[in-house]
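> Heads up: the protein sequence lines correspond to chains A and B, in order. For the record, in the first sequence the residue sitting at position 293 is 293 according to UniProt numbering, with numbers rising by one throughout. For the record, in the second sequence the residue sitting at position 7 is 7 according to UniProt numbering, with numbers rising by one throughout. Glycine included, C-beta positions come from ideal geometry on N, C-alpha and C. Dropping a structure here in structure tokens format, bear with me for questions.
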Amino acid sequence: MFFNLEAAFYVIYVLAGLMTIMSSIIIGIKVKKKRTHKKTEKVMQEHESYFKYVTQQLDAKESLHVPKAELTTFEKKVFQRELVERIERLSGAQREKLIQLCKDLGLIEFNLKRLKSGRHYVRLEAAYNLGAMRCAEAVPTLCKMLYKNKKDSTRFIIARSIAQTATSTGQVNDMIHYLAKDQENNYQLIVDIAQESDLDLHAPFISLLKEPNPELTKVGLFGLRDQPDSEMHSILRPHLNSNDYDIRMNAAKLMVASGGSSLQEMEQFMKFKDEEVRLFTAEWIGQTGVKKYQEVLELGVQDENKQVARKSAKSLSQLGDSGFRTLCKLAVSNLRNGTIAFEMIHEYLKESAAGYSTNRKVADYHRKLSIYETYFGKDQELIDAM
Amino acid sequence: MREILLGYGIFAMYYVLTINTIYFGIILFSFKEISKILKSTTFSKYKSLSGSNNVPPISILVPAFNEELTIIENVRSLLALHYPKHEVIVVNDGSSDDTVGVLIKEFELQYYKPTSIKDVIKTAKVRGLYYNPDYPNLYVVDKENGGKADSLNAGINLSSYPLISSIDADSLLEEDALIRIARMYMEKPEEYVAIGGNVRIANGCKIENGVVKNVKLPKKLLPMWQLVEYMKAFLGGRIGWSSVNGLIIVSGAFGVFRKDYVVEVGGYRGGYPGEDMNIIIKLHRHMLENNLPYKVAFCPDAVCWTQAPDTFKILGSQRKRWGRGNLKNMIEEGRFMFMRPKYKIMGWLTIPYNIIFETLSPYFRITGLLALIGYALMDMSGWKILLVFSLINILYGTLLGIGSMLLEEIAFQRYPRIRDFFKMLIYTVLMFFGYRQLGILWRFLGHIDFFRKKTSWGTMVRTSFNEDKKSA
Numbered sequence: 001m002f003f004n005l006e007a008a009f010y011v012i013y014v015l016a017g018l019m020t021i022m023s024s025i026i027i028g029i030k031v032k033k034k035r036t037h038k039k040t041e042k043v044m045q046e047h048e049s050y051f052k053y054v055t056q057q058l059d060a061k062e063s064l065h066v067p068k069a070e071l072t073t074f075e076k077k078v079f080q081r082e083l084v085e086r087i088e089r090l091s092g093a094q095r096e097k098l099i100q101l102c103k104d105l106g107l108i109e110f111n112l113k114r115l116k117s118g119r120h121y122v123r124l125e126a127a128y129n130l131g132a133m134r135c136a137e138a139v140p141t142l143c144k145m146l147y148k149n150k151k152d153s154t155r156f157i158i159a160r161s162i163a164q165t166a167t168s169t170g171q172v173n174d175m176i177h178y179l180a181k182d183q184e185n186n187y188q189l190i191v192d193i194a195q196e197s198d199l200d201l202h203a204p205f206i207s208l209l210k211e212p213n214p215e216l217t218k219v220g221l222f223g224l225r226d227q228p229d230s231e232m233h234s235i236l237r238p239h240l241n242s243n244d245y246d247i248r249m250n251a252a253k254l255m256v257a258s259g260g261s262s263l264q265e266m267e268q269f270m271k272f273k274d275e276e277v278r279l280f281t282a283e284w285i286g287q288t289g290v291k292k293y294q295e296v297l298e299l300g301v302q303d304e305n306k307q308v309a310r311k312s313a314k315s316l317s318q319l320g321d322s323g324f325r326t327l328c329k330l331a332v333s334n335l336r337n338g339t340i341a342f343e344m345i346h347e348y349l350k351e352s353a354a355g356y357s358t359n360r361k362v363a364d365y366h367r368k369l370s371i372y373e374t375y376f377g378k379d380q381e382l383i384d385a386m
Numbered sequence: 001m002r003e004i005l006l007g008y009g010i011f012a013m014y015y016v017l018t019i020n021t022i023y024f025g026i027i028l029f030s031f032k033e034i035s036k037i038l039k040s041t042t043f044s045k046y047k048s049l050s051g052s053n054n055v056p057p058i059s060i061l062v063p064a065f066n067e068e069l070t071i072i073e074n075v076r077s078l079l080a081l082h083y084p085k086h087e088v089i090v091v092n093d094g095s096s097d098d099t100v101g102v103l104i105k106e107f108e109l110q111y112y113k114p115t116s117i118k119d120v121i122k123t124a125k126v127r128g129l130y131y132n133p134d135y136p137n138l139y140v141v142d143k144e145n146g147g148k149a150d151s152l153n154a155g156i157n158l159s160s161y162p163l164i165s166s167i168d169a170d171s172l173l174e175e176d177a178l179i180r181i182a183r184m185y186m187e188k189p190e191e192y193v194a195i196g197g198n199v200r201i202a203n204g205c206k207i208e209n210g211v212v213k214n215v216k217l218p219k220k221l222l223p224m225w226q227l228v229e230y231m232k233a234f235l236g237g238r239i240g241w242s243s244v245n246g247l248i249i250v251s252g253a254f255g256v257f258r259k260d261y262v263v264e265v266g267g268y269r270g271g272y273p274g275e276d277m278n279i280i281i282k283l284h285r286h287m288l289e290n291n292l293p294y295k296v297a298f299c300p301d302a303v304c305w306t307q308a309p310d311t312f313k314i315l316g317s318q319r320k321r322w323g324r325g326n327l328k329n330m331i332e333e334g335r336f337m338f339m340r341p342k343y344k345i346m347g348w349l350t351i352p353y354n355i356i357f358e359t360l361s362p363y364f365r366i367t368g369l370l371a372l373i374g375y376a377l378m379d380m381s382g383w384k385i386l387l388v389f390s391l392i393n394i395l396y397g398t399l400l401g402i403g404s405m406l407l408e409e410i411a412f413q414r415y416p417r418i419r420d421f422f423k424m425l426i427y428t429v430l431m432f433f434g435y436r437q438l439g440i441l442w443r444f445l446g447h448i449d450f451f452r453k454k455t456s457w458g459t460m461v462r463t464s465f466n467e468d469k470k471s472a
């Protein structure tokens, strides 16, 4: 068998060398980190009263003064970390005040310079900080940085900074178009990033619904989730027949949540081919308590999908006495899922018996129990269980 | 005879060297990835993401068998996770202790008939469902005993969200662990079918209300060895394997999966340990056979803390179980993918590496060691060769350990003290004098259990998370 002792010794030297180098790097990082930590603590201690002043003056009318002594580069970094952390937590006038302080401390300029650094890490850190500081001047450089960046996770960090610093919806729109170009179905993340912007994105999201790139349509639909509007129905309707599940489902959900659908339309949603839409429809009616859609829930209780049936039954129980009565009718009928309706009645009565603390709830419980007894007679076992 | 023994012994040594060299290559891939990981973990806005309603909801599945000691702390920590929308589904797998009782008492749960549970995947009979509207995202499923995989399948049947997360009942998630995985998933939701979290050893740490407050190294020998072992496997190994899409396992202690694909491959395989590796191999096969773009990834900054076994009996039982599971998976799934071009990295690298250097390693290592002992007893003239070879193996293994520690230091720095490094280094070296050999023996005994068709889980004793504090 081949074995060369001399070569083996070389291998030992190489391994020992690599071990020494790696160990030295580990110790070096630890020592450096410890030193930085100590230095940071020292800076924080020295400026303790200043940071107290910043906290106390956040609600005052006057702007914040910068420390009297000029800050060193290290001190600037410590101040930046502390202020950015606070900016992330705050909003409104308090946040604006801290951003102004960052400007007065020269941190914007400091980061704009770092944005041109040769090291990607430094550029990324600067982009992050400039985003937090809502620095509008940085947008063009950030956009260039985004387009040049590798298609890895870091592009989303830069994109978030663009959304934070953007002064026009056009800038956000360009960023969205760039991120959606590769059609990776990551529209939820793109919307989350875009919504970091303080700008009103309703109009750009609406315009995305007409784009040929399906990813952009998804961004538009998902972005409009919190602003459903019945006036959008005509734009949404064509998407209901899309071959893309996400487009179809989000368009249907938006139409349901707008509240402007007719009874017939709601019935169509309860017959929709995707169960998620049927579930959403059932849940939405229960949550909003719109009694005119009670018939839609009757349809839902008979759904072939048990989850949809349960959700519809639960929502029916939330529609007051008439909903509860309908549920009882369905439970005694020979229609599909009568058992589910019956179980939901029991669950509702059990839950309301366990949770009644106010007079209104007591009265509601007794009314429902009396409806129950009309259909099922007195059920001592149920009363005992409660 | 002496020549044959020496020859075989040296062959076994080369075998170990080859394992280390392949692992070294994998660690190099990990180093290539680490700067990207560092950047994205440092500058991603997890706080704002954890309050965003744009994040996909997740169903957390917690299989529980005789977990009355740890289950409350575990569930409380899961309910308190910083995640916008999630449900926690505890599945009691016919425990003989009072697992369900303590949950009912603690959360004032009420019994419901299990009619809302779908039968997407067949499971053992479900006795009932427990729920309290005051804890709207907590469900407890009580079912007859069917094993961990069966419990996960029952959890899938009840789950209402498109992503599922499997979590061991004796593990604790860091409060931002789930959101970190979700961030990764949201970047490429079409591709990521499974993402594993980083499992760290909780022994020695200070834990309060289900949260690790102060990270410390374990005081005891066995947990300490496992700590350096886990660090090498997770940081050194899984980051690299993940970067080439060759990850063969997502730890059962903490992982997130696309529910639709898990259902498509028939759910978790029951009746045998190693279900965590099995589901990943099945996912790889399914995606590759159907030419679907996919990735099985590892998210090292999503941390789950687990209690490592601190007795030889429990550790031995765990390692035998792992050995059995690995062998079963290679026979059941691996052999169909071995060196088949259509399975790409899995077929060319991961599966062959696993079969040749993991599954078969006890045989080569044990026989190699016996050959060298036999040779040494007959003639000591080759001692220099043996010594040099052993030294190379120890140094190589230690180098891999130090490499993992360097990755830890660059990106995570959970053990900041300088003496922590030296302690880990010493234990990395000490592993080669008994612990590694014991591990190989346990794996071999696991194979024997497999051939004897032993299906039980062996000794599994849970200790409370504050056991260290109590004994101190």
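Kindly confirm or deny that the region 211 to 218 of chain A and the region 192 to 203 of chain A touch, where touching means at least three C-beta pairs closer than 8 Å.
Not touching, per the Cβ criterion.
> Of all the CB atoms in chain A, is at least one closer than 8 Å to the CB of B:E409?
It does: the Cβ of B:E409 has a partner Cβ on chain A nearer than 8 Å.
> Would you list the one or two residues that DSSP bridges to B:L61?
Beta-bridge pairing links B:L61 to B:I89 and B:S166.
> So B:K113 contacts chain A; which residues on that side make the cut at Cβ distance below 7 Å?
Correct list: E343.
> Show which residues of chain B have a CB atom less than 7 Å away from the CB atom of A:F156.
Neighbours of A:F156 on chain B, chain order: E187.
> Would you tell me roughly how many angstroms separate the C-alpha atoms of A:H177 and A:L216, rounded to the nearest one?
C-alpha separation (whole angstroms): 7 Å.
> Along the chain, where does the beta strand (DSSP E) that runs through B:P300 open and close?
Residues K295 to T306.
> What is the DSSP secondary structure of B:G266, reduced to helix, strand or coil?
B:G266 falls in the coil class under three-state DSSP.
> At which residues does the beta strand (DSSP E) containing B:F254 begin and terminate?
F254 to R258 is the extent of the beta strand (DSSP E) around B:F254.
> Along the region 25 to 56 of chain B, what residues have a CB closer than 9 Å to any CB found in chain A?
Residues passing the 9 Å Cβ filter: S35, K36, I37, L38, K39, S40, T42, F43, S44, K45, K47, S48, L49, S52, N53, N54, V55 and P56.
> Could you spell out the range, first to last residue, of the beta strand (DSSP E) harbouring B:K143?
Taken as a continuous stretch (DSSP letters only), the beta strand (DSSP E) holding B:K143 covers L138 to K143.
> Note down the Cα distance separating B:R321 from A:S230, rounded to an integer number of angstroms.
Using only the alpha carbons, I get a separation of about 59 Å.
> Please check if any C-beta of chain A sits within less than 8 Å of the C-beta of B:Y161.
Closer than 8 Å: no.
> Evaluate B:W241 with the Cβ neighbour count: other Cβ atoms within 10 Å of its Cβ, from every protein chain shown; 16 or more gives buried, anything less gives exposed.
Buried, since its Cβ has 16 or more Cβ neighbours within 10 Å.
> Just the chain B side, please: which residues come within less than 7 Å of A:E351 by C-beta, in chain order?
The contacting residues are P133.
> Given 8 Å as the limit, is there contact between the region 13 to 32 of chain B and the region 400 to 417 of chain B, that is, 3 or more CB pairs closer than that?
The region 13 to 32 of chain B is in contact with the region 400 to 417 of chain B.
> So is A:L263 buried or exposed if we call it buried at 16+ other beta carbons inside 10 Å?
Exposed, by the Cβ-count rule.
> Take A:I340 and list the residues in its own chain whose beta-carbon comes closer than 8 Å to its own, dropping the five residues that flank it on each side.
Taken in chain order, the residues that qualify are V301, K306, A309, R310 and A313.
> Say whether the region 361 to 376 of chain B touches the region 193 to 207 of chain B, bearing in mind that this needs 3 or more beta-carbon pairs closer than 8 Å, one atom from each stretch.
With a cut-off of 8 Å, the region 193 to 207 of chain B and the region 361 to 376 of chain B do not count as touching, because too few Cβ pairs lie within range.
> Please decide whether A:S117 counts as near chain B, where near means a Cβ-Cβ distance under 8 Å.
No - not a single Cβ of chain B is within 8 Å of the one on A:S117.
> Taking only three categories from DSSP, how would you classify A:A93?
Of the three classes helix, strand and coil, the one that applies to A:A93 here is helix, per DSSP.
> If you reduce the DSSP assignment to three classes, tell me which class B:S471 lands in.
Because B:S471 carries a pLDDT of 42, less than 50, the predicted location of this residue cannot be relied on, and no value is offered for it.
> Sort B:S59, B:S35 and B:E174 by Cα distance to B:N209 and report the nearest one.
Among B:S59, B:S35 and B:E174, the Cα nearest to that of B:N209 is on B:E174.
> For chain A, check one thing: does any of its Cβ atoms lie closer than 8 Å to the Cβ of B:V388?
Yes, B:V388 counts as interfacial toward chain A.
> On the three-pair Cβ rule with 8 Å, is the region 234 to 252 of chain B touching the region 269 to 281 of chain B?
They touch, by the three-pair rule.
> When you compare the CB positions of B:I26 and B:V62, do they come within less than 8 Å of one another, or not?
No, they are not a contact pair.
> Interface residues of chain B around A:Y348 at Cβ under 9 Å?
Simply none; closest approach about 11 Å.
> Would you mind telling me which residues of chain A sit closer than 8 Å to B:K118, beta carbon to beta carbon, in chain order?
In chain order: K306 and Q307.
> Can you list, in chain order, the residues of the region 339 to 354 of chain B whose Cβ is nearer than 7 Å to any Cβ on chain A?
Cβ contacts with chain A: none found.
> Going along the region 183 to 215 of chain A in order, which residues come within less than 8 Å of chain B, judged by CB to CB distance?
Hits within the stretch, in order: E184, N185, N186, Q188, L189, V191, D192, Q195 and E196.
> Are B:T359 and B:D170 closer than 8 Å when you measure CB to CB?
No, Cβ-Cβ distance for B:T359 and B:D170 is not below 8 Å.
> Chain A partners of B:Q226, CB-CB under 9 Å?
Those do not exist, as B:Q226 stays about 20 Å from chain A at its closest Cβ, beyond 9 Å.
> Would you decide whether A:E75 is buried or exposed? Buried here means 16 or more other CB atoms lie within 10 Å of its CB.
The residue is buried, with at least 16 neighbouring Cβ atoms inside 10 Å.
> From B:P162 to B:M184, what distance separates their C-alpha atoms?
Whole-angstrom Cα-Cα distance: 16 Å.
> Starting from the beta carbon of B:M405, find every residue of chain A whose beta carbon is closer than 9 Å, and list them in chain order.
Here the neighbours are M22, S23 and I26.
> Could you say if the region 125 to 138 of chain A and the region 86 to 104 of chain A meet the contact criterion of at least three C-beta pairs nearer than 8 Å?
Segments in contact, yes.
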